[in-house]
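Have a look at the structure below before the remarks.
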Amino acid sequence: MNNITNIPIEQYAWYAGALVLVLSLFLVMVWGFKRYVTTLPVGKVRAGRRLSLVESAMIDGKRRLLLVRRDDTEHLLLLGIERDLVIESGIVAPEPSTSRRPLSPPEPPARREGLVVDPERDRV
Numbered sequence: 000m001n002n003i004t005n006i007p008i009e010q011y012a013w014y015a016g017a018l019v020l021v022l023s024l025f026l027v028m029v030w031g032f033k034r035y036v037t038t039l040p041v042g043k044v045r046a047g048r049r050l051s052l053v054e055s056a057m058i059d060g061k062r063r064l065l066l067v068r069r070d071d072t073e074h075l076l077l078l079g080i081e082r083d084l085v086i087e088s089g090i091v092a093p094e095p096s097t098s099r100r101p102l103s104p105p106e107p108p109a110r111r112e113g114l115v116v117d118p119e120r121d122r123v
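Each residue of the sequence shown is one higher than the one before, counting from 0 in numbering that gives the first Met the number 0.
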């Protein structure tokens with residue numbers, strides 16, 4: 000019978016090494032995600048909420064810009080390790096567009112420039 004006391008010490012070392020390798024790869028992935036993904040997911044404003052995060056961007060490893068909306072006013076904040084600054088306050092929030100109109104195809108060059116085009120000749 001093979002029980003825990005019969006496992007050689009080298010096998011424990013392999014298991015410990017594999018665990019350290021997996022944990023270090025996980026930490027590298029977390030560091031890379033924090034370092035290279037500069038924006039946070041931004042959601043819609045929930046009903047009854049007055050404060051929301053519009054956008055976030057990492058400047059470097061120590062500083063982050065935040066665009067915060069309160070009611071219909073936006074504020075640009077710079078957050079750092081040592082201190083936080085209000086860069087701009089009282090920005091009027093843009094109106095949310097509820098419907099997007101589809102893009103129309105561009106007009107032919109002759110019509111844009113005001114040239115006369117023979118409709119009979121353009122027919123296929």
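By construction, the Cβ of each residue, glycine as well, lies at the ideal position given by its N, Cα and C atoms. Note that the coordinates shown come from a computational prediction; the quantities given were computed from them, not determined experimentally.
I'd like to confirm the pairing. Which residues does DSSP put opposite Thr72 in its beta bridges?
According to DSSP, Thr72 bridges with Arg69, Val91.
Are the beta-carbon atoms belonging to His74 and Ser88 less than 7 Å from one another?
Taking 7 Å as the Cβ cut-off, His74 and Ser88 qualify as a contacting pair.
So, with DSSP's three-state summary, where would you put Ser8?
At residue 8 the sequence reads Ile, which differs from the Ser that was named. Looking at Ile8 - three-state DSSP - the assignment turns out to be helix.
Looking at the strands, I want to know which residues DSSP matches up with Leu52.
DSSP output for Leu52 lists Val67 as bridge partner(s).
Under 7 Å Cβ to Cβ from Ala92, same chain only, skipping five residues before and after it: list those, please.
Excluding sequence neighbours, Ala92 sits near Arg68, Asp71, Thr72, Glu73.
What is the rounded straight-line gap between the Cα of Leu76 and the Cα of Ile86?
If I take the Cα positions, the gap works out to 6 Å.
Taking the CB atoms as reference points, tell me whether Lys61 and Ile90 lie closer together than 7 Å.
Against a cut-off of 7 Å, the Cβ pair of Ile90 and Lys61 comes out as no contact.
Assuming contact is defined by CB atoms lying nearer than 7 Å, are Leu78 and Arg63 in contact in what I supplied?
Yes, these two residues count as a Cβ contact at 7 Å.
From Trp13 to Phe25, what distance separates their C-alpha atoms?
Cα-Cα distance, rounded: 18 Å.
With a 10 Å radius around its C-beta and 16 neighbouring C-beta atoms as the bar for buried, classify Leu66 as buried or exposed.
Per the 10 Å Cβ criterion, buried.
According to DSSP, Val85 sits in a beta bridge with which residue or residues?
According to DSSP, which records beta bridges pairwise, Val85 is partnered with Leu76.
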